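One structure is given here, and the rest of the page talks about it.
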Amino acid sequence: MSDSVTTLFVIDDDIEVATLISVIAERAGFKVATICDSTKVFDALEHCEPDAIVLDLQMPGLDGIEVLRALAEREAQSGILLVSGMDERIRAAAETFGSEKGLRLLGTMQKPFDPEELLQALRAAFSAAAPLTPAHLQTAIHEEQLLLVYQPTVKRTRDGDWEVASMEALLRWDHPERGLLGPSEFLAMGESSGLIGPMTDFVIHQGLMQLKAWQSRQIGLGLRLNISASLLTDVEFPDRFETLIGELELDPSTVTLEVTETVMLDQHPNTFDILTRFRLKQVNLAIDDFGIGYSSLTQLFRMPFNEMKIDKSLLQQVPQSSEARIMVEALVELAHNLNLTVCAEGVESQEVLDYLRDIGCDSAQGFFIGRPILPKDVENILEIQSPENSKTKTL
390 MSDSVTTLFV IDDDIEVATL ISVIAERAGF KVATICDSTK VFDALEHCEP DAIVLDLQMP
450 GLDGIEVLRA LAEREAQSGI LLVSGMDERI RAAAETFGSE KGLRLLGTMQ KPFDPEELLQ
510 ALRAAFSAAA PLTPAHLQTA IHEEQLLLVY QPTVKRTRDG DWEVASMEAL LRWDHPERGL
570 LGPSEFLAMG ESSGLIGPMT DFVIHQGLMQ LKAWQSRQIG LGLRLNISAS LLTDVEFPDR
630 FETLIGELEL DPSTVTLEVT ETVMLDQHPN TFDILTRFRL KQVNLAIDDF GIGYSSLTQL
690 FRMPFNEMKI DKSLLQQVPQ SSEARIMVEA LVELAHNLNL TVCAEGVESQ EVLDYLRDIG
750 CDSAQGFFIG RPILPKDVEN ILEIQSPENS KTKTL
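Take the sequence shown: its position 69, counting from 1, is numbered 458 in this note's numbering, and each next residue is one higher.
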């Protein structure tokens, strides 16, 4: 998304309607591009992801559901306003489809529409699509708009099945106008603005409280927490973490801190000190997104990690690329030779999960295994593994 202008695509095969929407959208503050030829929709989306989209559900050769599906595959963050002459039930069904695909729907409008109503809808869309600022993020922290969702990680058992072993806490922003925002929309801003500290404090406190709640209900899960490399400069960080673990009466070995591979490139003088002290306190350390950077293998050997997480970009190429398979197998062997366990990210099919079992990968994570969910839904996932269910533990 642009930092200086707020862009809008009007996707409608009716040139007169598209022109009217464009004029009204410019009054609302948008920089507008109109797309009336359905054959050009995907090319336009390939070159630019707009801040917002007005999408007609009915176009010759391409319908709105196909466009929504393509946007979901691209993990688009655009706000989407649906317009159609179809009845309310069909518009509502399309809105539900888009929302369930993870898209950010701004609502629907019936054609023909009242220009003033459209202007109000587009002004609301403009407000929702305007670039986020550190001030917005500061407000989110103070007004408790941040929340955690949890994505399961499975581990390979001795008999070759997979069982849920831990949950990775993932930060989300429940924005009052934009809905649920993923970290790609605000994490970098948190880093650059100095707000990553309170954000991480929130993740740690909420995550450990949730772990305590699970353990009080005899749910034997581990917890994974993502830690910004910028925090690995504070030598008191391990002590504060240990104090919180102690207050909650948690076993530190049930917690894994994940730091990205860049920690080995931008290493602060205190990084080695802090990571080593975490391991001395029995907290697990995983190097995240391994395989996409240019980290030194010598540094990997020196650092006190006990787990390597292979980046999802490699796993996504496994089905069609022999080179990707060679790389993944080499990383698994390297990690095991260094006494590290291996977790593969980005598992999206049974084929890849079976492949990981065959090459001896220890753990796996990905949408095929389980998408991020709210804490209240975690126990539903665990029911799949109960003895009265099927022998297989693959999710």
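Just so you know, even glycine gets a beta-carbon here, dropped at the ideal spot from N, CA and C. None of the values given here were measured: they were computed from a predicted structure.
Contact between F486 and I442 is ruled out by a C-beta separation of about 15 Å, above the 8 Å threshold. The Cβ atoms of G611 and A554 lie closer than 8 Å to each other. In this structure, G735 lies near Q705, with their beta-carbon atoms less than 8 Å apart. Per DSSP, reduced to three states, the secondary structure at P541 is strand. DSSP, reduced to helix, strand and coil, places F502 outside both helices and strands of the structure shown, so it counts as coil.
For the 8 Å CB-CB criterion, P541 and I758 form a contact. Nearest neighbour of G418 by Cα position, chosen from H564, D432 and T396, turns out to be T396. A contact between stretches requires three or more CB pairs, one per stretch, nearer than 8 Å, and the region 491–500 fails this requirement with the region 425–434. With 16 or more other CB atoms across the displayed protein chains lying within 10 angstroms of its CB, F667 is buried. For T408, the uninterrupted alpha helix (DSSP H) run begins and ends at I404 to A417, by DSSP. Take the alpha-carbon of D640 and the one of I634: they are about 7 Å apart. Distance from the CA of F626 to the CA of R458, rounded to the nearest whole angstrom, comes to 44 Å. For Q607, there is no enclosing beta strand (DSSP E), as DSSP marks it with neither H nor E. Its Cα nearest to that of L621, the residue E647 stands out among E647, I608, G579 and Q534. In this structure, L703 places its C-beta atom within 8 Å of the C-beta atom of A713. F630 and K765 have their C-alpha atoms spaced approximately 25 Å apart. In terms of Cβ geometry, A465 and E438 form a close pair [threshold 8 Å].
T395 carries a coil assignment under DSSP once its states are collapsed to helix, strand and coil. Partner residues in the beta bridge of K698, as assigned by DSSP, are C732. Selection F661, D445, W562 and E462 evaluated against R480 yields D445 as nearest (Cα-Cα).
Between E768 and T730, the C-beta spacing is not below 8 Å. With a 10 Å radius around the Cβ and a threshold of 16 neighbouring Cβ atoms, T649 comes out buried. Residue state for I715 is assigned as helix, using DSSP reduced to three classes. Inter-residue distance for S605 and E638 is about 11 Å (C-alpha atoms, whole angstroms).
A distance below 7 Å between beta-carbons, with the five flanking residues on each side excluded, links A461 to the following residues of its chain, in chain order: K490, G491 and L492.
Here Q705 is not bridged, per DSSP, to any residue. Per the coordinates, the alpha-carbon of S467 lies some 10 Å from the alpha-carbon of R567. In the three-state reduction of the DSSP assignment, M598 falls in the helix class, which pools H, G and I.
Sequence-distant partners of E718 (beyond 5 residues in either direction) whose C-beta falls short of 6 Å from its own C-beta, in its chain, are I748.
Using a Cβ distance threshold of 8 Å, F694 and L674 count as a contacting pair. Where F679 is concerned, there is no enclosing alpha helix (DSSP H), although the beta strand (DSSP E) around it starts and stops at N673 to F679. If you look at L446, you'll find it isn't in any alpha helix (DSSP H); DSSP assigns it neither H nor E. The Cβ-Cβ distance between L584 and I530 falls below 8 Å.
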